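S.K.:
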Amino acid sequence: MDVRIAATLDLARNPVDLAVRFCPTREGDGKPLFEEAVVPVCAPALAKNRANPLRKPADLANHTLLAVDMPRGMALTVDWEPWIQVMGLDGLRMKNTLRFTQYAEAIAAAMAGQGVAIGRLPLLAELLRDKRLVAPFGGGAASQRGYYVLMSPEGAGNPDAQDFARWLRNEAESALLAHPERAGEL
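Under the working numbering, read the sequence shown as residues 1 to 186, first letter to last.
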C-alpha cells in the first residue's frame, strides 16, 4: 500500500482512496478521529520575559500575534476565537501581528520567540511535553473542529484502504483511552 501525505487534496480529482480532513465538527462526516482544542503557545523564554511576562491573558496585549492568513472574509483571529470567548477577552488586541501562509511557519516563529500563536492540540502535544513550547495560561478550549476520515467511492471497495481507515481510528481511540485526562489534546 502507498501512503501519500498532502496538505490539500481534492478527492474528486485525485485517485486516492481516503483522506483525513480537518473541518468544523458540524461539517464532519461521522465520528471524528479526534476533536481539537486550542491554547496560546510561545517559547518558554518569551513567557518568562521580565519586561513583558505572560502571567495572565490580558498580558497578550504586549505581545505579537502569530497568525495564519485566513480565507477571504474571515478574521485573522478566527483560530483564537474559541479560547478568547472562554477567557472573556472579546476586545483583546495584541501589540503587533505577524502573518503566515502556513500553520507550521507560525509555530516555528513561536518556538523562535517571535510571538504567541494559537496552539492546536493534539498537533502540538509533543512540543508542549518537550517544553519547546509552553502554554502560559494553562488549559485549552474546544475549537469545535476535528479530524475526519473520508473515503472515496474507490476506497470504499478497497480492503487495504478499509484496513488503513480502521487502523487510523484504532490509533486515535487508543491514544484517547491511554490518556483520558488529555482528551482535549487527543
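Beta carbons are placed, not taken as given, at the ideal position from N, Cα and C, and that holds for glycine.
Every value quoted in this text rests on a predicted model; they were computed, and no experiment measured them.
Taking the alpha-carbon positions, what's the ALA142 to VAL134 distance?
M.R.: Counting from one through the sequence shown, the residue named residue 142 turns up at place 142. Counting from one through the sequence shown, the residue named residue 134 turns up at place 134. Straight-line Cα distance between these residues: approximately 18 Å.
S.K.: Scan the region 3 to 56 and note each continuous beta strand (DSSP E) run of 3 residues or more that stays entirely inside, going in chain order.
M.R.: Runs of the beta strand (DSSP E) inside the region 3 to 56: 18 to 24 and 34 to 41.
S.K.: So what does DSSP say about GLY184, is it helix, strand or coil?
M.R.: Here residue 184 refers to the residue found at position 184 when the sequence shown is read from its first residue. Here the model assigns GLY184 a pLDDT of 47, short of 50, so the residue's position is not dependable and the matter cannot be decided.
S.K.: Beta-carbon within less than 8 Å of CYS42's beta-carbon, same chain only, minus the 5 sequence neighbours each way: which residues are those?
M.R.: As a working note, residue 42 is residue 42 in the sequence shown. Hits under 8 Å: LEU54, HIS63, ALA110, GLY113, GLY115, VAL116, ALA117, LEU133, VAL134 and PRO136.
S.K.: Check this for me: beta carbons of LEU33 and ALA172, under 8 Å apart or not?
M.R.: Working through the sequence shown from its first residue, we reach residue 33 at position 33. Working through the sequence shown from its first residue, we reach residue 172 at position 172. Cβ distance < 8 Å, so LEU33 and ALA172 count as in contact.
S.K.: Going straight from the alpha carbon of ALA123 to that of ALA61, what length do you get?
M.R.: Working through the sequence shown from its first residue, we reach residue 123 at position 123. Working through the sequence shown from its first residue, we reach residue 61 at position 61. Per the sequence shown, residue 123 should be read as Leu rather than Ala. For LEU123 and ALA61, the distance between alpha carbons rounds to 26 Å.
S.K.: Would you grab the beta carbon distance between VAL38 and ARG129 for me? Rounded to a whole angstrom, and I think it's under 8 Å.
M.R.: In the sequence shown, residue 38 corresponds to position 38, counting from 1. In the sequence shown, residue 129 corresponds to position 129, counting from 1. So it is not a contact: roughly 17 Å between Cβ atoms.
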